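Trainee: Okay, so the sequence shown: first residue is 1 according to the UniProt record's numbering, each after it adds one.
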Amino acid sequence: MSVRIHFDQPDNHCYTNLDYVSGRVTLILPADATIAAITVKLEAEARTRLEAPKYPGNERSEKKRTEREIHKLLYQVLTVFPTPELQASSPNAHFTLLAGQYNYAFKFKFPFNNDCNKNQSLLKDLKVGQLNVQFAPDLDQHVKKTLPPSLSGFPGRADIFYYLKVTVVRPKFYQENIRSQITLKFLPIEPPRPPDKQEETFARRKQQFQKYAGQPARKNSLFKKSAPDSPVAEPPTFQVDARLPNPAILTCNESIPLRMLVQRLGDVNADVYLSMFQIELVGWTEIRAHDLKRVESGSWIIKSLANMNMPLNMPKLKSQTEFKVPSHLWDSVPLPNTVAPSFDTCNISRKYELEIRVGLSHSVDGDSRPEMIVLPLKLPVEVWSGIAPPAGLVRAMRERAGTAESGNDNPTQQSAKHTYETSNSAPSPAVPGGSMQKQQPLPASGEDDGPPPPSYEDAMAEDFTPVDGPRREYNIPAGEPQTPAFNSDSKSGGLSRRVSERLFSSNAPSGPGRVTQQSNTIEEEQSYTEDNPPPLPTRSSTTEKG
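#1: Helix or strand or just coil, what does DSSP make of GLN239?
#2: Sorted by chain position, which residues of the same chain lie with C-beta nearer than 6 Å to ILE373's C-beta, five sequence neighbours on each side aside?
#3: Measuring only the C-alpha atoms, how far is PRO236 from ARG357?
#4: Assign VAL499 to one of two classes, buried (16 or more other C-beta atoms within 10 Å of its C-beta) or exposed (fewer than that).
#5: Going by DSSP, name the residue or residues bridged to PHE202.
#6: Apart from the five residues on each side of it in sequence, which residues of its chain come closer than 7 Å, Cβ to Cβ, to LEU442?
#7: With 16 as the cutoff for other CB atoms within 10 Å, does SER423 come out buried or exposed?
#8: Considering only residues of the same chain and omitting the five flanking positions on each side of ALA37, which have a CB-CB separation below 7 Å?
#9: With 16 as the cutoff for other CB atoms within 10 Å, does ARG34 come out buried or exposed?
#10: Kindly confirm or deny that the stretch 92-108 and the stretch 15-35 touch, where touching means at least three C-beta pairs closer than 8 Å.
#11: Does the separation of the CB atoms of VAL381 and ILE189 fall below 8 Å?
#12: Going by C-alpha distance, which of ALA289, LEU329, PRO245 and ARG294 is nearest ALA306?
#13: By Cβ distance below 7 Å, which residues in the same chain neighbour GLU473 in space, the five residues on each side in sequence not counted?
#14: With distances taken Cα to Cα, identify the nearest neighbour of ASP159 among LEU97, PRO148, ILE182 and PRO390.
#15: Need the endpoints of the beta strand (DSSP E) that ALA306 sits in, please.
#16: What do you reckon, are the CB atoms on ARG204 and GLN181 nearer than 8 Å?
#17: Are at least three pairs of beta-carbons, each pair with one atom in the stretch 290-306 and one in the stretch 390-400, less than 8 Å apart?
#18: Can you check whether the C-beta of PRO334 is within less than 8 Å of a C-beta belonging to chain E?
#19: So, with DSSP's three-state summary, where would you put ARG264?
#20: Rounded to whole angstroms, what's the CA-CA distance from ASN309 to TYR162? Just pull it up for me.
#21: Over what stretch of residues does the beta strand (DSSP E) that includes ALA52 continue unbroken?
#22: Can you find the residues in the same chain that come closer than 6 Å, C-beta to C-beta, to GLU280, ignoring five residues on each side of it along the sequence?
#23: Verify whether the separation of the beta carbon atoms of LEU244 and LEU258 is less than 8 Å.
#24: Going along the chain, which residues of its own chain have a beta-carbon closer than 6 Å to the beta-carbon of SER297, five neighbours each way excluded?
#25: My assumption, with CB atoms under 8 Å, is that residue 547 sits in contact with VAL21. Please give the rounded CB distance.
#26: Report the partner residues of VAL169 according to the DSSP bridge assignment.
#27: With DSSP collapsed to three states, give me the class of HIS94.
#28: Taking C-beta to C-beta, are LEU18 and LYS109 nearer than 8 Å?
#29: Within a Cβ cutoff of 7 Å, which residues of the same chain sit near GLY100, ignoring the five residues on either side of it in sequence?
#30: When the Cα of TYR75 is compared with those of TYR55, ARG49 and ALA44, which residue comes out closest?
#31: What do you get for PHE323, buried or exposed, if any count of 16 or more other CB atoms within 10 angstroms of its CB means buried?
#32: Near ASP11, what residues of its chain come up, given a Cβ to Cβ distance below 6 Å and the 5 sequence neighbours on each side ignored?
#33: Would you give the residue range spanned by the alpha helix (DSSP H) that GLN87 belongs to?
#34: Quick one: is ALA391 buried, meaning 16 or more other Cβ sit within 10 Å of its Cβ, or exposed?
#35: Does GLU322 come out as helix, strand or coil in the three-state DSSP assignment?
#36: With a threshold of 6 Å on Cβ separation, who are the neighbours of ALA270 within its own chain once the five nearest residues in sequence on each side are excluded?
See below:
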């Protein structure tokens, strides 16, 4: 028996919000088999794993404690067999299929926002007689925002991956469930672009060159004193500006809308030369696992030039004081396709900073000076995907925002407005090393403990077709596979293998790629009876033994 997944979309397709992922499941039976159900799931997980000293105050102890945090960002289930009519007529029946090949169609639609609040673990602390069974603490820090992009490159520490999984459930407990799983690439829709206000944000540095003494005068004769040295010339001072449109937004697979200005300060008549130039995009990824936090940094060199000796001022304009660095140096260089958009989810967030280094040299009256000064400039920026939302959805959200502002006396409208702002506004950039603010949960209203209603974007998404516009090329950075790092079947503790697979699907591949066929002995969605009770799971966040 084997099962395979065939997509209607091409291989290596990058999905986004409102996109449909469709295809068919092919079940091949070499002999007659009894099957309880065939389910197809579209899931997304954000997983983190961090280590810290078990006894921070004891320098001699080398024991470590490991914290894992898993958030189910997306979870959609479709039962393709049996059909709803057949299941209604025979809810607990098992079906015997003859040998052959069977095809079942499936179709899912990606929502706007994550729904990890709806997929919290239902397991609580249990007490059986004198035995207390404890589970990992509830993950109370949830962020309701747009689905994050697929992310890897941090083996064993953090990843965000989307996958589609099909499971053939067999009724007997000693029979293995057949499973096939394929990883998908996801790049979210960007928020609505703010109107162009013709404003710029900038970073500025000012530097003065070193002083050089003048040439000493020659002696007229042996019996006369030498003339005093010429006075020390005042060195020139230059100011460098790096400017971006306000707000500072970079777009995936597009060039940087940068303006570089060099200004000469003072009355010193000097020529300025551009000796070196470098643009670097620095990404800061914050990884959180319960009470532990770690910040990983990565960088992309956009442009790097050295030994340029490019004059910036025109020879005919000696009185020129402001010079513009030619934009053709970086206009033709887009952002690499491995740069993920800025995002913030429950346990992982990504921010960016643009770092520019400008090397200047000068000459006075045709006399070139060997000194070169390098001025670093840093600008916090946001990176957006470049996939614009449908115009109808943007218009509907703006109309709803205007309605919410006009009816501030209505508490329901105020709460709806807050949800709109939280779920659509992109995370604000921050200088690395700054304080990170935690997302505070909204206070519960009344006594309603049920799941929250869908956000306005998700509710409106059902009425809109997929995005009809340019798509961006996105390649997930490949990292070394570290399956044991997130394997809850390890000896360090965790839920039992069967319960863990049903809740967290920990056997999903950590890197990008497509798996054509995969069988596993893990049983999923097994129906338990009094004669066959489920095993008691152990604590999922216990510390590892040193």
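The beta carbon of each residue, even a glycine, is placed where N, CA and C say it ideally should be. Because the structure is a prediction, the values reported are computed rather than measured.
Mentor: On the basis of the coordinates in this document:
#1: Against the sequence shown, residue 239 aligns to sequence position 239. Three-state result, GLN239: strand.
#2: Numbered from 1 along the sequence shown, position 373 holds the residue referred to as residue 373. Answer for ILE373: GLN207 and LEU360, listed in chain order.
#3: Against the sequence shown, residue 236 aligns to sequence position 236. Against the sequence shown, residue 357 aligns to sequence position 357. If I take the Cα positions, the gap works out to 19 Å.
#4: Your numbering for residue 499 matches position 499 in the sequence shown. Note that VAL499 scores a pLDDT of 36, beneath 50, so its modelled location is shaky and nothing firm can be said.
#5: The sequence position of residue 202 within the sequence shown is 202, counting from 1. The partner list for PHE202 (beta bridge, DSSP) reads ARG243.
#6: Taking the sequence shown and counting its residues from 1, the one referred to as residue 442 is at position 442. Low per-residue confidence applies at LEU442: pLDDT is 39, beneath 50, and the placement is therefore not dependable, though the value from the model is reported in the following sentence. Here the set comprises nothing.
#7: For the purposes of this step, residue 423 is taken as residue 423 along the sequence shown, with counting starting at 1. The predicted position of SER423 is uncertain, since its pLDDT is 37 and thus under 50; a value taken from the coordinates is nonetheless stated next. Result: buried.
#8: Looking up residue 37 in the sequence shown gives position 37. If we look at ALA37 and ignore the five residues flanking it on each side, its Cβ neighbours are THR79, PHE81, PRO82 and VAL169.
#9: Taking the sequence shown and counting its residues from 1, one reaches residue 34 at position 34. Looking at the sequence itself, residue 34 is Thr, so the reference to Arg does not match. Exposed is the call here.
#10: yes
#11: Within the sequence shown, numbered from 1, the residue matching residue 381 stands at position 381. Within the sequence shown, numbered from 1, the residue matching residue 189 stands at position 189. No, Cβ-Cβ distance for VAL381 and ILE189 is not below 8 Å.
#12: The sequence position of residue 306 within the sequence shown is 306, counting from 1. With distances taken between Cα atoms, ALA306 lies closest to LEU329.
#13: Within the sequence shown, residue 473 is the residue found at index 473, counting from 1. Only ASN253 and ASN337 meet the Cβ criterion.
#14: Residue mapping note: residue 159 aligns to position 159 of the sequence shown, counting from 1. With distances taken between Cα atoms, ASP159 lies closest to PRO148.
#15: Numbered from 1 along the sequence shown, position 306 holds the residue referred to as residue 306. Careful: ALA306 lies outside any beta strand (DSSP E) and carries neither H nor E.
#16: Counted from its first residue, the sequence shown places residue 204 at position 204. Counted from its first residue, the sequence shown places residue 181 at position 181. Going by C-beta atoms, ARG204 is not nearer than 8 Å to GLN181.
#17: no
#18: Reference to chain E is not applicable here, since this structure consists of a single protein chain.
#19: Reading the sequence shown from its first residue, position 264 is the one you call residue 264. In this structure, ARG264 counts as strand in the three-state DSSP scheme.
#20: Along the sequence shown, one-based indexing puts residue 309 at 309. Along the sequence shown, one-based indexing puts residue 162 at 162. Computed Cα separation, rounded: 49 Å.
#21: Against the sequence shown, residue 52 aligns to sequence position 52. Looking at the DSSP string, the run of the beta strand (DSSP E) that includes ALA52 is 37-53.
#22: Translated into the one-based positions of the sequence shown, residue 280 becomes position 280. Counting only Cβ-Cβ distances below 6 Å, and skipping sequence neighbours, we find SER299, ILE301 and GLU355.
#23: Against the sequence shown, residue 244 aligns to sequence position 244. Against the sequence shown, residue 258 aligns to sequence position 258. For LEU244 and LEU258, yes; Cβs fall inside 8 Å.
#24: For the purposes of this step, residue 297 is taken as residue 297 along the sequence shown, with counting starting at 1. Answer for SER297: TRP284, listed in chain order.
#25: As shown, the chain starts at 1 and ends at 546. That puts residue 547 outside it, with no answer to give.
#26: If you number the sequence shown from 1, residue 169 lands on position 169. DSSP, once it has assigned bridges, lists ALA37 as partnering VAL169.
#27: Within the sequence shown, residue 94 is the residue found at index 94, counting from 1. In this structure, HIS94 counts as coil in the three-state DSSP scheme.
#28: Against the sequence shown, residue 18 aligns to sequence position 18. Against the sequence shown, residue 109 aligns to sequence position 109. Contact: yes.
#29: Taking the sequence shown and counting its residues from 1, one reaches residue 100 at position 100. For GLY100, where only same-chain residues beyond five positions count, the Cβ hits under 7 Å are LEU29.
#30: As a first step, residue 75 is located in the sequence shown; it is residue number 75 there, counting from the start. Nearest of TYR55, ARG49 and ALA44 to TYR75, Cα basis: ALA44.
#31: Here residue 323 is taken as the residue at index 323 of the sequence shown, counted from 1. Buried.
#32: Here the question's residue 11 lines up with position 11 in the sequence shown. Nothing meets the Cβ criterion.
#33: Here residue 87 refers to the residue found at position 87 when the sequence shown is read from its first residue. Taken as a continuous stretch (DSSP letters only), the alpha helix (DSSP H) holding GLN87 covers 84-89.
#34: On the sequence shown, residue 391 is found 391 positions in, with the first residue counted as 1. It is exposed - the Cβ of ALA391 has fewer than 16 other Cβ atoms within 10 Å.
#35: Within the sequence shown, numbered from 1, the residue matching residue 322 stands at position 322. Strand at GLU322.
#36: Start at 1 with the first residue of the sequence shown, and residue 270 comes out as number 270. Closer than 6 Å at Cβ, skipping near neighbours: PRO236, HIS362 and VAL364.
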